[in-house]
Each structure stands twice: as structure tokens, then as C-alpha cells.
Ligand SMILES: Nc1nc2c(ncn2[C@@H]2O[C@H](COP(=O)(O)OP(=O)(O)OP(=O)(O)O)[C@@H](O)[C@H]2O)c(=O)[nH]1
Ligand SMILES: [Mg+2]
């Protein structure tokens with residue numbers, strides 16, 4: 237398992253520009269709205285130098301990094317849920333995603349029309365969020381219809397599910413997240429968009445990166461009040477920088493006062509948003525990165541590698557990647573007592589190198 241993110245936003249917000257910057261693909265980016273019709277799908281590998289260094293020391297010749305899948309869809313507009321614009325038919329493509337990246341236009345660029353005339357990030361955020369709620373409401377209504385038929389002749393379970401759906405519907409109609417456990421579970425089972433973890437990406441003009449952050453205070457406040465994460469980035473600048481040699485990229489970032497590679501930052505934020513960690517296995521020729529929710533126990537972690545390993549789990553040998561690199565080899569790390577033996581309930585840590593022992 238790795239991570240899947242769907243890009244949402246208004247037409248011309250810069251979704252495809254960001255998609256290209258992330259994936260190094262070249263899907264069309266145009267000044268007119270709805271330049272994307274069919275969804276674009278791209279996968280990036282998360283080159284992790286920790287894993288590469290651990291692989292050298294463990295004598296692995298093959299390195300398999302974790303990956304993230306991005307899906308770029310058509311822009312949403314007001315009324316999308318009722319079939320305006322390209323409608324919500326593309327929303328189906330992002331229902332399976334782990335998180336949504338909501339691209340919000342903050343760049344001015346007079347030659348790129350804004351579908352509502354003026355640039356207004358807060359209004360755009362509210363508009364898109366409303367469309368997501370409305371799309372979810374339709375999904376829930378459809379399910380309520382199905383479930384009421386089933387619950388007529390059905391047992392307790394069907395009736396309870398129907399009650400949960402009705403709670404969920406009431407919450408959505410008020411534009412809030414469900415609060416009962418049952419309603420939350422129902423929301424999860426329907427893959428509702430408005431309940432997915434969300435990251436706002438304020439797509440700023442490069443000229444605004446340093447100077448204008450105060451102007452976005454209300455957007456920052458909104459994200460804080462929702463507990464969503466937010467990043468400010470210039471998608472088109474990132475896209476241009478990505479095509480330069482690495483040393484020139486760094487020089488240019490310095491000129492723009494950017495401390496970090498915006499794309500790496502985005503992926504890191506997505507991991508943080510979903511509370512994910514990465515652990516490593518070094519077995520035979522292959523060193524491999526695995527993505528798991530924080531607090532995953534050693535035995536569940538083994539199950540990510542292979543279901544047999546979870547079933548027959550005996551113990552895990554664990555060392556931090558730094559510890560391994562410092563020791564210079566696994567054998568030396570063991571001699572020095574740096575490799576710990578952990579049981580099934582050990583919570584795996586970000587950067588752990590793990591050797592699972594199991595009964596086949
Ligand atoms: N100045 C500036 N222009 C940008 C930026 N990001 C995107 N653009 C321009 O805005 C226009 C629309 O960008 P796209 O990436 O196609 O937007 P989209 O969100 O994919 O649009 P749809 O596919 O129509 O929904 C293009 O002309 C881009 O070059 C930015 O950060 N700064
Ligand atoms: Mg597009």
C-alpha cells in the first residue's frame with residue numbers, strides 16, 4: 237500500500253500544472269477552463285535517501301521506494317452536483333483516494349480567466365466544499381433508498397444502518413461532519429468526499445510568494461478552524477524549476493526565498509495529514525519502503541509484506557536506519573547489540589529497519 241491523492245478545485249486553479257510538476261508528465265495546461273476532461277493519473281516514487289543508505293549497508297542491490305498516486309480531474313463549478321459544467325461524473329474517480337488536495341487559485345495572472353471573474357480564495361474554497369457536500373448528499377440519498385427497501389423485510393442490522401444513514405444525512409445537510417460513531421462508519425463505508433482528509437494548496441503567483449502572505453490570513457484561519465493542513469506554493473514555478481538541473485533549482489529557490497522543494501513538502505504534508513510512517517525491510521537482494529499508519533504494530537506491519545508473515549509472526553528484529561548505517565553492516569549492528577528483538581505489539585517507528593521472523 238502507498239498513498240493516493242485526488243486533486244480538486246475550480247477550472248483554471250492550476251490542478252494540471254501541479255499534476256505535471258509532481259509527476260513530470262506533460263498533460264495539457266490551458267488558459268481556458270475545462271482543459272482537463274478525462275482524468276489524468278500519475279504515480280511518483282518517493283525517493284528516500286534513508287532507504288538507499290540502509291540498502292548499501294545491508295548489501296541489497298535492489299531498492300524499492302514507496303509511491304504516491306495522483307489523480308487530476310476536471311474542474312468543479314457551482315452546481316456541479318446538479319450536472320453543471322462537466323458535472324460530478326468525474327468525482328467517482330477520486331472516491332477511492334486516501335486524501336484530497338484542494339488546489340485554490342491565489343495567483344492573479346490577468347490573462348488566465350477566473351470562472352467567477354475575480355480571484356477570491358476563501359469564496360472558492362467554500363464553493364468547492366459545498367459541491368463536495370452536495371455530491372455526498374446524493375450518494376447518501378441513493379443509499380437511503382436502497383437501504384429502506386432492504387430494511388423493510390430486514391433484521392436489526394439493516395435498520396441500524398438506515399438510522400446511521402439518516403444521522404449522516406442530517407449532518408451533511410447542515411454542512412457539518414457526522415458526529416456519531418455509527419454515522420462516521422457509514423460515511424467511511426460510502427467513501428464520502430467531504431469526510432476525506434483534505435489539504436489546501438494555495439496556488440500563489442511567484443511574485444506573491446514572499447510578500448503577500450498576510451492577504452491569505454483568512455484562508456489560513458479557515459484551515460486552522462477545520463484542522464486541515466494548508467500549503468502555499470507557486471505550481472507553475474515548481475513545474476519550471478523541476479525541469480532544471482538540481483544545482484540550478486537550488487539557486488533559483490534561493491532567489492525566490494523558498495527554503496524547500498515545494499513538491500517534496502507537499503508529499504510530506506500529505507503523510508503528516510494522514511499520520512503515516514515509513515518503515516524499511518532489507519531481505520536478500522531487496523531493500524523496500526512500506527507506508528503504514530502511525531502506531532501500526534509489528535505484527536500488522538508484517539502483514540503488509542505478506543499475509544503469511546502476519547499469521548505466523550514470531551518476532552521482529554528492529555534497528556533504526558541511522559543505527560544500521562553507523563554500524564556499517566547488519567552483522568556488526570547485531571554484535572554491538574543495536575538490533576532489538578520486539579514482539580507483536582511493538583509500534584513500528586518512522587525509519588525503522590525491520591526483519592520479520594515467522595513460521596511459514
Ligand atoms: N501565473 C501563474 N499561472 C498559473 C499558475 N498555475 C497555473 N497557471 C496557469 O493557469 C492556467 C490554468 O492552469 P491548469 O493547470 O490547466 O488549470 P486546471 O485547474 O487544471 O484547469 P481545468 O483543467 O480547466 O480544470 C494555465 O494557463 C496555467 O499556465 C501559477 O502558479 N501562476
Ligand atoms: Mg486541468
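Numbering (this note's numbering), first residue to last: 237 to 596.
Beta carbons are placed, not taken as given, at the ideal position from N, Cα and C, and that holds for glycine.
Nearest-angstrom Cα separation, counted from residue 393 out to residue 442:
Mapped onto the chain shown, residue 442 falls at position 206. Mapped onto the chain shown, residue 393 falls at position 157. When the Cα atoms are used, residue 442 and residue 393 turn out to be separated by approximately 55 Å.
Is any heavy atom in ligand 1 found nearer than 7 Å to the beta carbon of residue 457?
For the purposes of this step, residue 457 is identified with residue 221 of the chain shown, where counting begins at 1. Distance from the C-beta of residue 457 to the nearest heavy atom of ligand 1 is not below 7 Å.
With burial defined as no fewer than 16 other Cβ atoms inside 10 Å of the residue's Cβ, what is the status of residue 247: buried or exposed?
Your numbering for residue 247 matches position 11 in the chain shown. Around the Cβ of residue 247, a 10 Å sphere holds 16 or more other Cβ atoms; the residue is buried.
State the start and end residues of the unbroken alpha helix (DSSP H) segment that holds residue 571.
On the chain shown, position 335 is the one that residue 571 refers to. Residue 571 -> alpha helix (DSSP H) spans 566-571.
With 16 other CB atoms within 10 Å as the buried threshold, where does residue 494 fall?
In the chain shown, residue 494 corresponds to position 258, counting from 1. By the 10 Å Cβ count, residue 494 comes out buried.
Should residue 271 be listed as close to ligand 1, given that the test is whether its C-beta is under 7 Å from any heavy atom?
The residue labelled residue 271 in the question sits at position 35 within the chain shown. Relative to the non-hydrogen atoms of ligand 1, the Cβ of residue 271 comes within a distance shorter than 7 Å of at least one.
Report whether the distance from the Cβ of residue 253 to the nearest heavy atom of ligand 1 is below 7 Å.
Stepping through the chain shown from its first residue, residue 253 is reached at position 17. Yes.
Contact test: residue 266 Cβ vs ligand 1 heavy atom, cutoff 7 Å
Working through the chain shown from its first residue, we reach residue 266 at position 30. Within the cutoff, so yes.
If I'm right that residue 527 touches residue 302 with Cβ under 8 Å, what's the distance once you round it to whole angstroms?
The sequence position of residue 527 within the chain shown is 291, counting from 1. The sequence position of residue 302 within the chain shown is 66, counting from 1. Rounded to the nearest angstrom, the Cβ distance from residue 527 to residue 302 is 5 Å, consistent with a contact under 8 Å.
Residue 582 by DSSP, collapsed to three states: which one?
Here the question's residue 582 lines up with position 346 in the chain shown. Correct three-state label for residue 582: coil.
Measure the C-alpha to C-alpha separation of residue 352 and residue 337 and round it to an integer number of angstroms.
Residue 352 sits at position 116 when you count from the first residue of the chain shown. Residue 337 sits at position 101 when you count from the first residue of the chain shown. Answer to the nearest angstrom: the Cα atoms are 21 Å apart.
Would a check of beta-carbon distances place residue 415 closer than 8 Å to chain B?
The displayed structure is made up of one protein chain only, and chain B is not part of it.
Do residue 348 and residue 439 have their C-beta atoms within less than 8 Å of each other?
Indexing the chain shown from 1 puts residue 348 at position 112. Indexing the chain shown from 1 puts residue 439 at position 203. Taking 8 Å as the Cβ cut-off, residue 348 and residue 439 do not qualify as a contacting pair.
Mind checking whether the beta-carbon of residue 360 lies closer than 7 Å to any heavy atom of ligand 2?
Numbered from 1 along the chain shown, position 124 holds the residue referred to as residue 360. In terms of side-chain proximity, the C-beta atom of residue 360 is found no nearer than 7 Å to any non-hydrogen atom of ligand 2.
If you draw a straight line from the C-alpha of residue 473 to the C-alpha of residue 500, how long is it?
Position 237 of the chain shown, counting from 1, holds the residue named residue 473. Position 264 of the chain shown, counting from 1, holds the residue named residue 500. Going from the Cα of residue 473 to the Cα of residue 500 covers about 14 Å.
Which of helix, strand or coil DSSP assigns to residue 490
Indexing the chain shown from 1 puts residue 490 at position 254. Secondary structure of residue 490 (DSSP, three-state): helix.
Which term fits residue 581, buried or exposed, when burial requires 16 or more other beta carbons within 10 angstroms of its beta carbon?
Residue numbering aside, residue 581 sits at position 345 when the chain shown is read from its first letter. The C-beta of residue 581 has fewer than 16 other C-beta atoms within 10 Å across all chains shown, which makes the residue exposed.
What is the DSSP secondary structure of residue 555, counted as helix, strand or coil?
As a working mapping, residue 555 is identified with position 319 in the chain shown. In the structure shown, residue 555 sits in a strand (DSSP, three-state: E or B).
Residues in its own chain within less than 7 Å of residue 287 by CB, not counting five upstream and five downstream?
As a position in the chain shown, residue 287 is number 51, starting the count at 1. For residue 287, where only same-chain residues beyond five positions count, the Cβ hits under 7 Å are 299, 301, 516, 523, 525.
Can you say whether residue 245 is buried or exposed, counting buried as having 16 or more other CB atoms within 10 angstroms of its CB?
In the chain shown, residue 245 corresponds to position 9, counting from 1. Buried.
Touch test, the stretch 501-510 against the stretch 549-563, Cβ-Cβ under 8 Å, three pairs minimum:
No: the two stretches stay apart, fewer than three of their Cβ pairs being nearer than 8 Å.
Measure the CB-CB distance between residue 471 and residue 254 and report whether it falls below 8 Å.
By 1-based counting over the chain shown, the position of residue 471 is 235. By 1-based counting over the chain shown, the position of residue 254 is 18. Yes, the Cβ-Cβ distance between residue 471 and residue 254 is below 8 Å.
Confirm the yes/no value for this check: CB of residue 307, any heavy atom of ligand 1, distance under 7 Å.
By 1-based counting over the chain shown, the position of residue 307 is 71. Exclusion of residue 307 from the 7 Å shell around ligand 1 follows from its C-beta lying no nearer than that to any non-hydrogen atom of the ligand.
Per DSSP, which one or two residues make a beta bridge with residue 522?
In the chain shown, counting from the first residue as 1, residue 522 sits at position 286. Under DSSP, the beta-bridge partners assigned to residue 522 are 298, 519.
Say yes only if the C-beta of residue 348 is nearer than 7 Å to one or more non-hydrogen atoms of ligand 1, and no if none qualify.
Counting from one through the chain shown, the residue named residue 348 turns up at place 112. Yes, the beta carbon of residue 348 sits closer than 7 Å to at least one heavy atom of ligand 1.
My parser needs the alpha helix (DSSP H) runs of 4 or more residues fully inside the stretch 322-401; what are they?
Within the stretch 322-401, the runs of alpha helix (DSSP H) at least 4 residues long that lie entirely inside it are, in chain order, 357-389.
Given a cut-off of 8 Å, decide if residue 459 and residue 436 are closer than it, judged by their beta-carbon atoms.
Sequence index remark: in the chain shown, residue 436 carries index 200 (1-based). Sequence index remark: in the chain shown, residue 459 carries index 223 (1-based). Using a Cβ distance threshold of 8 Å, residue 436 and residue 459 count as a contacting pair.
Identify, in the order they occur along the chain, each residue of the same chain with its Cβ nearer than 8 Å to the Cβ of residue 279, setting aside the five sequence neighbours on each side.
On the chain shown, position 43 is the one that residue 279 refers to. Contacts found: 259, 303, 304, 305, 306.
Identity of the residue in 384, 284, 291, 562 nearest residue 521 by Cα
Position 285 of the chain shown, counting from 1, holds the residue named residue 521. With distances taken between Cα atoms, residue 521 lies closest to 291.
Suppose only complete runs of 4+ residues qualify. What are the alpha helix (DSSP H) ranges in the stretch 242-308, listed by chain order?
Runs of the alpha helix (DSSP H) lying entirely within the stretch 242-308 and spanning at least 4 residues, in chain order: 251-259, 285-294.
Is residue 326 near ligand 1, judged by its Cβ being under 7 Å from some heavy atom?
To locate residue 326, count along the chain shown from 1; it is residue 90. When distances are taken from the beta-carbon of residue 326 to the heavy atoms of ligand 1, even the shortest one reaches 7 Å or more.
Apply the 10 Å Cβ neighbour rule to residue 620 and answer buried if 16 or more other Cβ atoms are within range, or exposed otherwise.
Outside the shown range of the chain (237 to 596) lies residue 620, about which nothing can therefore be said.
Would you say the beta carbon of residue 427 comes nearer than 7 Å to a heavy atom of ligand 1?
Walking along the chain shown from the start, residue 427 turns up at place 191. Every heavy atom of ligand 1 is 7 Å or more from the Cβ of residue 427, so no.
Distance, Cα to Cα, residue 414 vs residue 382?
By 1-based counting over the chain shown, the position of residue 414 is 178. By 1-based counting over the chain shown, the position of residue 382 is 146. Those two C-alpha atoms are separated by around 20 Å.
Helix, strand or coil for residue 588, going by three-state DSSP, please let me know.
For this step, residue 588 is matched to residue 352 along the chain shown. In this structure, DSSP gives residue 588 an extended state, which the three-state scheme calls strand.
If I measure Cβ to Cβ from residue 475 and keep anything under 6 Å in the same chain, skipping five residues before and after, which residues do I get?
Within the chain shown, the letter at position 239 stands for residue 475. Excluding positions up to five away in sequence, the list reads 253, 256, 257.
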